[in-house]
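Residue numbers (mature numbering (1 follows the signal peptide of the UniProt record, and there is no 0)): -19 to -1, 1 to 190. Every residue gets a Cβ at the ideal spot worked out from N, C-alpha and C, and that includes glycine.
Given below as structure tokens:
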């Protein structure tokens, strides 16, 4: 009898823990979505997806070739003069990374070599995630987004495009055209720990801050 009661109690604890975990997940997803929509109200589902996949995979998909990544960054730096947007924004619902604006280089707050080194090192420590596993997580994230009734333009078309891509084993997404045209994003993904321990102090101590 006591053994049965103990088993029942443990089962209840597991159920309670699972429910609490689900609530925490949904709350974190909602907060991440609200944060993005407040800052970038013209975001589409594609842009929200990009935020969440960056949080899971980091910058790994664009730094497989260090030389090419360096050349691309320098070309992007030379392609614009107007610096705008937040200096740093956490990604996704876990906040594993930051989007760090290239303006910190242009304004001299962080030297280019320091920034680029932080960007490259941010690949270290990323836990490889099978696309199938990420696809299941994204389905949960998308369900939360849908429940928020945001009236995002082109929602169903974007959802189908994302689903089709994931079904092909491809996880990388891109900003929508409206996001690019409205906000002209220029940033790189940098590890939360590297940003907070190394780059943030430089920004805070900069006279341009």
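Query raised in the report: Span of the beta strand (DSSP E) holding residue 170?
Result: Reading the chain shown from its first residue, position 189 is the one you call residue 170. Counting along the chain, the beta strand (DSSP E) containing residue 170 begins and ends at 168 to 172.
Query - Nonlocal neighbours in the same chain, by C-beta distance under 7 Å from residue 131, ignoring five residues either side - result: Along the chain shown, one-based indexing puts residue 131 at 150. So the list reads 18, once near-sequence residues are dropped.
Query raised in the report: Per DSSP, what kind of secondary structure is residue 149 in: helix, strand or coil?
Result: Start at 1 with the first residue of the chain shown, and residue 149 comes out as number 168. In the structure shown, residue 149 sits in coil (DSSP, three-state: anything other than H, G, I, E or B).
**Report entry** Distance between beta carbons of residue 159 and residue 68, contact taken as under 8 Å
**Finding:** Reading the chain shown from its first residue, position 87 is the one you call residue 68. Reading the chain shown from its first residue, position 178 is the one you call residue 159. Residue 68 to residue 159, Cβ: 23 Å. No contact.
Query raised in the report: Mind checking residue 25: buried by the 16 CB within 10 Å criterion, or exposed?
Result: The residue you call residue 25 lines up with position 44 of the chain shown. With 16 or more Cβ atoms within 10 Å of its Cβ, residue 25 is classed as buried.
**Report entry** Coil, strand or helix - residue 70 by DSSP
**Finding:** Against the chain shown, residue 70 aligns to sequence position 89. Looking at residue 70 - three-state DSSP - the assignment turns out to be strand.
Report task. Within the same chain, show all residues whose beta-carbon is closer than 7 Å to that of residue 168, passing over the 5 residues directly before and after it, in chain order. Result -> In the chain shown, the residue the question calls residue 168 occupies position 187. Same-chain partners within the cutoff: 80, 81, 82 and 83.
Query raised in the report: Helix, strand or coil: which one does DSSP assign to residue 52?
Result: In the chain shown, the residue the question calls residue 52 occupies position 71. Three-state DSSP puts residue 52 in a helix.
Report task. May I have the straight-line CA-CA distance separating residue 5 from residue 50, to the nearest angstrom? Result -> Walking along the chain shown from the start, residue 5 turns up at place 24. Walking along the chain shown from the start, residue 50 turns up at place 69. Straight-line Cα distance between these residues: approximately 36 Å.
Query raised in the report: Quick one, are the C-beta atoms of residue 189 and residue 99 less than 9 Å apart?
Result: The residue given as residue 189 occupies position 208 in the chain shown. The residue given as residue 99 occupies position 118 in the chain shown. No, the pair does not count as a contact, with Cβ atoms beyond the cut-off.
Report task. Determine, using beta carbons only, whether residue 187 and residue 41 come nearer to each other than 9 Å. Result -> As a position in the chain shown, residue 187 is number 206, starting the count at 1. As a position in the chain shown, residue 41 is number 60, starting the count at 1. Not closer than 9 Å, so no.
Requested in this report: Identify which residue in 157, 156 and 142 has its Cα closest to the Cα of residue 150.
Outcome: For this step, residue 150 is matched to residue 169 along the chain shown. Measuring from the Cα of residue 150, the nearest candidate turns out to be 142.
Query raised in the report: Which value, in whole angstroms, describes the spacing of the CA atoms of residue 10 and residue 177?
Result: Numbered from its first residue, the chain shown carries residue 10 at position 29. Numbered from its first residue, the chain shown carries residue 177 at position 196. Answer to the nearest angstrom: the Cα atoms are 22 Å apart.
**Report entry** DSSP state of residue 77 mapped onto helix, strand, coil
**Finding:** Numbered from its first residue, the chain shown carries residue 77 at position 96. The answer is coil: DSSP assigns residue 77 none of H, G, I, E or B.
Report task. Quick one: measure Cβ to Cβ for residue 37 and residue 155, integer angstroms, because I've assumed they're closer than 8 Å. Result -> As a working mapping, residue 37 is identified with position 56 in the chain shown. As a working mapping, residue 155 is identified with position 174 in the chain shown. At roughly 16 Å, the Cβ-Cβ gap does not stay under 8 Å, so residue 37 and residue 155 are not in contact.
Query raised in the report: Comparing alpha-carbon positions, which option in 108, 182 and 72 lies nearest residue 16?
Result: Within the chain shown, residue 16 is the residue found at index 35, counting from 1. That would be 72, whose Cα lies nearest to the Cα of residue 16.
Query raised in the report: What's the gap between the Cα of residue 64 and the Cα of residue 114?
Result: Here residue 64 refers to the residue found at position 83 of the chain shown. Here residue 114 refers to the residue found at position 133 of the chain shown. Roughly 37 Å between the two C-alpha positions.
Requested in this report: Look at the alpha carbon of residue 3 and the alpha carbon of residue 111, and state the distance between them as a whole number of angstroms.
Outcome: Locating residue 3 in the chain shown gives position 22, where the first residue counts as 1. Locating residue 111 in the chain shown gives position 130, where the first residue counts as 1. Cα to Cα, residue 3 sits roughly 21 Å from residue 111.
Query - Nearest-angstrom beta carbon gap, residue 39 and residue 97 [assumed within contact, 8 Å] - result: As a working mapping, residue 97 is identified with position 116 in the chain shown. As a working mapping, residue 39 is identified with position 58 in the chain shown. No, residue 97 and residue 39 are not in contact; Cβ-Cβ is about 15 Å, not under 8 Å.
**Report entry** Assumed close pair residue 157, residue 8 - CB separation to whole angstroms, cut-off 8 Å
**Finding:** As a first step, residue 157 is located in the chain shown; it is residue number 176 there, counting from the start. As a first step, residue 8 is located in the chain shown; it is residue number 27 there, counting from the start. Incorrect: roughly 26 Å between the Cβ atoms, too far for contact.
Query raised in the report: Looking at residue 122 and residue 74, is the spacing between their C-beta atoms short of 9 Å?
Result: In the chain shown, the residue the question calls residue 74 occupies position 93. In the chain shown, the residue the question calls residue 122 occupies position 141. It is a contact, given that the beta carbons lie within the stated cut-off.
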